[in-house]
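> Keeping their order, the protein sequence lines are chains A and B. So the first sequence is residues 80 to 427, counted in the working numbering. So the second sequence is residues 80 to 427, counted in the working numbering.
Number of protein chains: 2
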Amino acid sequence: MAAKRPAARRPTMKDIARRAGVSESAVSFALNDRPGVSEITRDRVRRVAEQLGWRPSTAARALSGEGAATVGFVLARPAHTLGVDSFFLQLVSGIQEVLARRHLGLLFQVAPDVEDECAVYRRWWAEHRVDGVLVVDPRTDDPRPDLLDELGLPAVVIGGAPDERHPGLSTVWADDAGAMAALVDALHALGHRRIVHIAGLPDLAHTERRIRALRAEAGRRGLGEVESVTTDYSDAEGAAVTRRVLEAPAPPTALVYDNDVMAVAGVAAASGLGFSVPADVSVVAWEDSALCRMVKPWLSALSRDSVEFGRTAATELTALLDGGPARTVRVPVPRLIERDSTGPVRPL
Amino acid sequence: MAAKRPAARRPTMKDIARRAGVSESAVSFALNDRPGVSEITRDRVRRVAEQLGWRPSTAARALSGEGAATVGFVLARPAHTLGVDSFFLQLVSGIQEVLARRHLGLLFQVAPDVEDECAVYRRWWAEHRVDGVLVVDPRTDDPRPDLLDELGLPAVVIGGAPDERHPGLSTVWADDAGAMAALVDALHALGHRRIVHIAGLPDLAHTERRIRALRAEAGRRGLGEVESVTTDYSDAEGAAVTRRVLEAPAPPTALVYDNDVMAVAGVAAASGLGFSVPADVSVVAWEDSALCRMVKPWLSALSRDSVEFGRTAATELTALLDGGPARTVRVPVPRLIERDSTGPVRPL
DNA sequence: TGCGTGCGCTAAAGCGCTTGAGTGGAAAGA
DNA sequence: TCTTTCCACTCAAGCGCTTTAGCGCACGCA
Chain A
80 MAAKRPAARR
90 PTMKDIARRA
100 GVSESAVSFA
110 LNDRPGVSEI
120 TRDRVRRVAE
130 QLGWRPSTAA
140 RALSGEGAAT
150 VGFVLARPAH
160 TLGVDSFFLQ
170 LVSGIQEVLA
180 RRHLGLLFQV
190 APDVEDECAV
200 YRRWWAEHRV
210 DGVLVVDPRT
220 DDPRPDLLDE
230 LGLPAVVIGG
240 APDERHPGLS
250 TVWADDAGAM
260 AALVDALHAL
270 GHRRIVHIAG
280 LPDLAHTERR
290 IRALRAEAGR
300 RGLGEVESVT
310 TDYSDAEGAA
320 VTRRVLEAPA
330 PPTALVYDND
340 VMAVAGVAAA
350 SGLGFSVPAD
360 VSVVAWEDSA
370 LCRMVKPWLS
380 ALSRDSVEFG
390 RTAATELTAL
400 LDGGPARTVR
410 VPVPRLIERD
420 STGPVRPL
Chain B
80 MAAKRPAARR
90 PTMKDIARRA
100 GVSESAVSFA
110 LNDRPGVSEI
120 TRDRVRRVAE
130 QLGWRPSTAA
140 RALSGEGAAT
150 VGFVLARPAH
160 TLGVDSFFLQ
170 LVSGIQEVLA
180 RRHLGLLFQV
190 APDVEDECAV
200 YRRWWAEHRV
210 DGVLVVDPRT
220 DDPRPDLLDE
230 LGLPAVVIGG
240 APDERHPGLS
250 TVWADDAGAM
260 AALVDALHAL
270 GHRRIVHIAG
280 LPDLAHTERR
290 IRALRAEAGR
300 RGLGEVESVT
310 TDYSDAEGAA
320 VTRRVLEAPA
330 PPTALVYDND
340 VMAVAGVAAA
350 SGLGFSVPAD
360 VSVVAWEDSA
370 LCRMVKPWLS
380 ALSRDSVEFG
390 RTAATELTAL
400 LDGGPARTVR
410 VPVPRLIERD
420 STGPVRPL
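1) Mind checking Asp-220 of chain B: buried by the 16 CB within 10 Å criterion, or exposed?
2) Got a sec: which bits of the region 106-139 of chain B sit with their beta carbon under 8 Å from any beta carbon on chain A, in order along the chain?
3) Going by alpha carbons, who is nearest to Val-236 of chain A out of A:Ser-102, A:Trp-252, A:Asp-282 and A:Leu-230?
4) For Thr-137 of chain B versus Ala-148 of chain B, is the C-beta spacing smaller than 7 Å?
5) Return the CA-CA distance between Arg-202 of chain B and Val-214 of chain A, expressed in angstroms with no decimal places.
6) When you compare each of A:Ala-278, A:Trp-377 and A:Ile-274 to Ala-297 of chain A by their alpha carbons, which one comes out closest?
7) Hey, how far is the Cα of Arg-288 of chain A from the Cα of Ala-278 of chain A?
8) Looking at the unbroken alpha helix (DSSP H) that takes in Thr-286 of chain B, where does it start and where does it end?
9) When DSSP labels each residue in this structure, what does Lys-83 of chain A get in the three-state scheme?
10) What does Gly-184 of chain B touch in chain A if you count any residue whose Cβ is under 7 Å from its own?
11) Do the region 388-402 of chain A and the region 360-370 of chain A touch if we need at least three Cβ pairs shorter than 8 Å?
12) In this structure, how does DSSP classify Glu-229 of chain A when only helix, strand and coil are distinguished?
13) DSSP three-state label for Trp-133 of chain A, please.
14) Ignore the nearest five residues each way along the sequence and tell me which others in Arg-121 of chain B's own chain have a CB closer than 6 Å to its CB.
15) Would His-271 of chain B and Ala-333 of chain B qualify as a contact pair, given that the criterion is a beta-carbon distance under 7 Å?
16) From what residue to what residue does the alpha helix (DSSP H) around Thr-91 of chain B run?
17) Give the list of continuous alpha helix (DSSP H) stretches no shorter than 4 residues that lie fully inside the region 151-214 of chain B.
18) Counting pairs of beta carbons, one from the region 399-409 of chain A and one from the region 365-384 of chain A, are three or more of them closer than 8 Å?
19) Taking the alpha-carbon positions, what's the Ser-385 of chain A to Ala-258 of chain A distance?
20) If the criterion is Cβ atoms closer than 7 Å, does the pair Ala-344 of chain B and Gly-317 of chain B meet it?
21) In terms of DSSP beta bridges, what is Tyr-336 of chain A paired with?
22) Nearest chain A C-beta to Val-305 of chain B closer than 7 Å, yes or no?
23) If you measure from the beta carbon of Met-373 of chain B to each beta carbon in chain A, is any gap under 7 Å?
24) At the level of alpha carbons, what is the spacing between Gly-303 of chain A and Phe-152 of chain A?
25) Leu-293 of chain A and Leu-325 of chain A - do their beta-carbons sit closer together than 7 Å?
26) Below 7 Å between beta carbons is the criterion; list the residues of the region 307-322 of chain A that meet it against any residue of chain B, in chain order.
27) What in chain A is Cβ-close to Ala-141 of chain B, meaning under 7 Å?
28) In chain order, what residues of the same chain lie with their CB nearer than 6 Å to the CB of Val-124 of chain A, ignoring the 5 residues before and after it?
29) Does the Cβ of Gln-130 of chain B have 16 or more other Cβ atoms within 10 Å, making it buried, or fewer, making it exposed?
30) Under a three-way DSSP split, which group does Ser-379 of chain B fall into?
31) For a quick check, are the C-beta atoms of Leu-396 of chain B and Gly-211 of chain B less than 7 Å apart?
32) List the residues that DSSP assigns as beta-bridge partners of Val-410 of chain A.
33) With H, G and I counted as helix, E and B as strand and the rest as coil, what does DSSP make of Leu-415 of chain B?
34) Check each candidate in B:Leu-400, B:Glu-196, B:Thr-250 and B:Val-263 and name the one with the smallest Cα separation from Gly-231 of chain B.
35) Mapping DSSP to helix, strand and coil, what is Pro-426 of chain A?
36) Give the interface partners of Ala-147 of chain A over in chain B, defined as CB-CB distance under 7 Å, in chain order.
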């Protein structure tokens, strides 16, 4: 019979001090591994704290200048893009793994757009809520680095290119250009000359990087007919663009999609038009996930370890919070996993 | 040239008090809409606060007993299940929508299992981090309600059945049993008599509800041959179970999957075995998402509005935080969207 | 013996906010 | 006119923790 119990009271340092027979300051010193108490007292205090199940009140800590022990993460994407994207949950789970070890909280927020995202940062900063933030989806002309700089909020940009204009920000990035080059290599070797790149949101920095890389690689090899079409990452646009380019007079023989969702939708659209994959057209997805092995044919994909990506980002942020210098770290270039959706171009 | 600026200082109530020529208490009264100041002073204080860009420090608020202005959300699922599930992001985005309006933060954590989840709650409680939590994936013999009760942490259980043993917890749930009944109705009308249910994790409460409902409905109609097989929700198990049941001597004519991912994998597995959908076997997914329209044939699915589900849950939690009574609210029964993966059973 | 030194500890202030107990003055009642 | 009441506002304590200053003590040294 669960009568309405009063909520248990949280033990405070005062309780510990009383039971250990020392002052609160001594307790503070002891528990924070600061000099000022003897080892024997330290041990005793530690034991009492443990026994009482004491945990520091983040509120009190934050108030006395120690920071909020929390980092922020804002996802600013149109709501309908949120659905079937495996990347973010994986990323977040990697982030958590690192943060949890240090008992750092993750304050999460989804916002409709970057402007709102900035407002969130301002609010978090003003409210003392976070000690640092993880920024995703960096853009061309991104207002966020300037803002974070202005607020003095430690931050690591995930997926941005190195940015020497903001020496205070760490960056964790994958070399999209290198991956694109390798991809074009592989497709070229299979005989593909007409490649269309169904890209993601136009103002995302990595979209631009990929588009430029494709153009550069094509130029280097004398491939005239490459094209990048930007989309909103949705299955609907992926399918629509696929239909459009395949119905052109000289359809491409290879399609590169900036995410798995569009690639899957694209394959379906291609089949609908009578194109068989990979006989008539090869398909590569930029993000590997279970999805790529859930359709027939299995999709060839550029695979990277998103969980590890998250771990790396979180590690950089903790380093920053510890007072370390901002760094730019590159994670491994995505690897092309060749499955059944890519093949040699059909001989004429 | 971004020289290292000192981080801007946050204005405090003291600053406001000085500029408005009143005491800090007056400022507090004014800004919190408490009696004790005249309307004219209140206005002046408000203006100054606005002008200074003041925001209350959550740390200080929390410390003086006001709560942390944050709610917690733990996702305890094995890491590999995290990938392609549209449900949670949608749910979270609905939750956010409501929380953001009240400037409540969402502390998010992924944990490996329920035990760790409990540890997280304890820590959050001890550290004064959250005012309440949203609990997902309620289980049979769930330790969490007892714990939350013990801690006196307001909570709403998402997807649980009404639970009269924990009058302090709110519950937001969908009537799985009703949906299952409607589904069996529909399949029965199409002539299906042998139905296999590829269910989710065995100890999830809604898994059990669905299994029981299926059995009850089958019993009511004299369908002898129904079966539920529990899985881990992964595409791999979905495919494996599909193969196993279709290779049995008298294979089912309809398959009901507890999520979209398994359904898609199941269709692929069925095709691999030479079963065509829906001619040889009908397929229904319990969760609707873009995924269901990305495969051929398009999957019939039980659809519900997960974003709205999130909104409802968050609304209940805020009500609880406002001191309201715990409630049990039912969201609309999932609707069956009939697409191309269900059809009449083939005549012998 | 006296003095400086360092160690182990305590006292107290302060972080930014809330809140209950005053306080002074004007308006209302006797 | 004096008291009462009420209102607008101030004071000060307190939330749980960190941190600086300082205190007493034993020790080493001259």
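Don't be surprised by glycine CBs; every beta carbon is placed ideally from N, CA and C.
The answer reads as follows:
1) Around the beta-carbon of Asp-220 of chain B, fewer than 16 other beta-carbon atoms lie within 10 Å, marking it exposed.
2) Gly-132, Trp-133, Arg-134, Pro-135, Ser-136, Thr-137, Ala-138 and Ala-139
3) A:Trp-252
4) The beta carbons of Thr-137 of chain B and Ala-148 of chain B sit closer together than 7 Å.
5) 26 Å
6) A:Ile-274
7) Computed Cα separation, rounded: 11 Å.
8) 284-300
9) For Lys-83 of chain A, the pLDDT reaches just 39, beneath the cut-off of 50, and the residue's location in the model is therefore unreliable, leaving the point undetermined.
10) Leu-186 and Arg-208
11) no
12) helix
13) coil
14) Ala-109
15) yes
16) Here Thr-91 of chain B belongs to no alpha helix (DSSP H), and DSSP marks it neither H nor E.
17) Entirely contained in the region 151-214 of chain B, the alpha helix (DSSP H) runs reaching 4 residues are, in chain order, 165-180 and 193-205.
18) Between the region 399-409 of chain A and the region 365-384 of chain A, the count of Cβ pairs shorter than 8 Å is below three; the stretches do not touch.
19) 15 Å
20) Yes, these two residues count as a Cβ contact at 7 Å.
21) A:Ile-277 and A:Ala-364
22) For Val-305 of chain B, the answer is no, since every Cβ of chain A falls outside 7 Å of its Cβ.
23) yes
24) Rounded to whole angstroms, Gly-303 of chain A to Phe-152 of chain A spans 41 Å at the Cα level.
25) No, they are not a contact pair.
26) So the list reads Asp-314, given in the order they occur along the chain.
27) Ala-138
28) Ala-99, Val-106 and Ala-109
29) exposed
30) Here Ser-379 of chain B carries a strand assignment [DSSP, helix/strand/coil].
31) In this structure, Gly-211 of chain B lies closer than 7 Å to Leu-396 of chain B by Cβ.
32) A:Ala-253
33) strand
34) When only C-alpha atoms are compared, the closest one is B:Leu-400.
35) In the three-state reduction of the DSSP assignment, Pro-426 of chain A falls in the coil class, being assigned neither a helical nor a strand state.
36) Ala-138
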